[in-house]
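Residue numbers (the numbering used here): 21 to 129.
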């Protein structure tokens, strides 16, 4: 499952060291499969963002957050502050708003 563009940008910002971002992106992409349960939720932008936010810029924190998600994604949401109704607003505040492309803004080839 792919990582959302907003989450990828945040990973690249928080983990600028050479090769870190790519390794962490692969780890996050593999999460739904390796966890062995609820792949739809584990592949969601909400859980992806929770891993990044809970990590707070620490590679060790990122790995710990992935481990927590493998045990119970709901605990991860609590740890990252994304367990309550305001989670969409919190995501926008942390990652920036979702940019939706309009069909008429696409250039024809």
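We put the CB at the ideal spot given by N, CA and C, even for glycine. In this text the structure is predicted, and so the values were computed from the model without any measurement.
When the options are compared against residue i, the one with the closest alpha-carbon
i	options	result
residue 44	109, 93, 26 and 71	71
residue 75	86, 66 and 57	86
residue 99	30, 105, 116 and 73	73
residue 58	89, 42, 26 and 110	89
residue 79	26, 21 and 47	47
residue 93	25, 77, 63 and 117	63
Whether residue i touches residue j by CB criterion (8 Å)
i	j	result
residue 102	residue 69	yes
residue 67	residue 61	yes
Straight-line Cα distance separating residue j from residue i
i	j	result
residue 114	residue 91	25 Å
residue 108	residue 96	16 Å
residue 39	residue 106	33 Å
residue 112	residue 37	25 Å
residue 120	residue 33	21 Å
residue 42	residue 27	12 Å
residue 83	residue 77	11 Å
residue 104	residue 25	23 Å
residue 199	residue 81	An answer regarding residue 199 cannot be provided, because it is not within the stretch 21 to 129 covered by the chain.
residue 30	residue 56	26 Å
residue 65	residue 35	18 Å
residue 22	residue 110	21 Å
Environment of residue i [buried if 16+ CB atoms lie within 10 Å]
i	result
residue 52	buried
residue 129	Because residue 129 carries a pLDDT of 48, less than 50, the predicted location of this residue cannot be relied on, and no value is offered for it.
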